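The opening position of the sequence shown corresponds to residue 32 in this note's numbering, with each subsequent residue numbered one higher.
Yeah, the Cβ is synthetic: ideal placement off N, Cα and C, and Gly gets one too.
Computed from a predicted model, the values in this text were never measured in an experiment.
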Amino acid sequence: MKLIFLGPPGAGKGTYSERLEKEFHFKHYSSGDILRAEVKNESVTGKKIKDFLDQGKYVPDDLITKMMSERLKGKDNYILDGFPRTLQQAQEAESLGIDFVIYLKIPLRVVLQRLTGRRMDPVTGKIYHLQNIPPPKEIIRRLTQRDDDKSEIIKQRYNVYQELTEPIVAYYTKKGLLQAVDAARGPDLVYKDIKKFLKK
Numbered sequence: 032m033k034l035i036f037l038g039p040p041g042a043g044k045g046t047y048s049e050r051l052e053k054e055f056h057f058k059h060y061s062s063g064d065i066l067r068a069e070v071k072n073e074s075v076t077g078k079k080i081k082d083f084l085d086q087g088k089y090v091p092d093d094l095i096t097k098m099m100s101e102r103l104k105g106k107d108n109y110i111l112d113g114f115p116r117t118l119q120q121a122q123e124a125e126s127l128g129i130d131f132v133i134y135l136k137i138p139l140r141v142v143l144q145r146l147t148g149r150r151m152d153p154v155t156g157k158i159y160h161l162q163n164i165p166p167p168k169e170i171i172r173r174l175t176q177r178d179d180d181k182s183e184i185i186k187q188r189y190n191v192y193q194e195l196t197e198p199i200v201a202y203y204t205k206k207g208l209l210q211a212v213d214a215a216r217g218p219d220l221v222y223k224d225i226k227k228f229l230k231k
């Protein structure tokens with residue numbers, strides 16, 4: 032099965048992808064993780080990507096589509112998280128043979144609460160939330176906040192998401208592949224709904 036998670040930043044795409052990966056042995060491909068790896072490697076592409084991410088903008092279609100297509104060539108039983116993000120990317124991804132699309136719906140106020148409290152441990156790469164998933168006290172000083180997890184950048188990313196990604200919802204709905212889920216609820220309830228839809 033080839034599955035896509037759609038939803039704005041903070042909707043839980045990464046969280047639910049990881050849970051499905053553990054329980055059902057899907058391979059999780061996060062465009063965000065792939066992009067950050069490019070940035071960390073400081074390649075020419077990585078430097079271009081960093082400029083877009085730091086401004087809260089999406090990476091141009093040609094860069095992301097090429098990178099994701101190379102990663103997915105010949106693969107099966109995976110989850111795409113963060114790709115496609117535009118209608119053009121969705122149309123270009125048609126050749127991948129997507130089976131199902133989960134749309135995680137969530138309002139901006141909930142996204143802000145989730146993302147402004149998010150922190151990463153630079154040693155382990157583990158993600159914490161200051162209220163919801165508190166880190167151990169002994170590591171709290173070394174935790175970092177991503178530049179794009181600051182309030183103004185989050186609002187900009189959310190608005191860019193609405194403008195660019197919402198047409199994909201209509202595209203996959205028309206194809207009969209999309210199921211919307213209320214992602215503002217607790218993670219266990221959301222995950223239960225996702226599993227129910229996948230078993231249909």
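To which residues of the same chain is residue i closer than 7 Å at the C-beta, ignoring the five residues directly before and after it?
i, result
"Y222", "Y47, R50"
"D92", "T117, Q119, Q120"
"S182", "L143, T147"
"R216", "none"
Which residue comes first and which comes last in the beta strand (DSSP E) that contains residue i?
i, result
"K33", "33–37"
"L209", "209–213"
Indicate whether residue i and residue j have their beta-carbon atoms separated by less than 8 Å.
i, j, result
"S103", "L127", "One point to set straight first is that residue 103 is Leu, not Ser, in the sequence displayed. Their beta carbons are under 8 Å apart, which means L103 touches L127 by this criterion."
"L208", "V142", "no"
"L174", "Y159", "yes"
"D107", "K33", "yes"
"R172", "D179", "no"
"Y109", "F57", "yes"
"V154", "Y89", "no"
"P167", "R150", "no"
"A214", "G105", "no"
"L94", "K78", "no"
"T96", "E123", "yes"
Would DSSP call residue i helix, strand or coil?
i, result
"V132", "strand"
"I158", "strand"
"R116", "coil"
"K58", "strand"
"R188", "helix"
"L195", "helix"
"Y109", "strand"
"R177", "coil"
Using C-beta distances below 6 Å, list every residue in its chain close to residue i, excluding the 5 sequence neighbours before and after it, in chain order.
i, result
"I35", "L111, I129, V132"
"L161", "G148"
"V200", "Y134"
"K184", "In the sequence under discussion, the amino acid at residue 184 is Ile, which differs from the Lys named in the question. Contacts found: G87."
"V70", "G77, I80, K81"
Please list the terminal residues of the continuous alpha helix (DSSP H) segment that includes residue i.
i, result
"V221", "218–230"
"R145", "139–147"
"L84", "75–85"
"L103", "92–103"
Leaving out five residues on either side along the sequence, give the residues of the same chain with a beta carbon under 8 Å from the beta carbon of residue i.
i, result
"I164", "I158"
"Q212", "Note on identity: in this sequence residue 212 is Val, with Gln being the wrong assignment. I133, Y134, L135, K136, V221, D224, I225, F228."
Review point. With a cut-off of 8 Å, do at least 3 Cβ pairs link the region 60–72 to the region 134–141?
Key: no
Review point. Is the region 116–125 close to the region 192–200, with three or more CB pairs under 8 Å?
Key: yes
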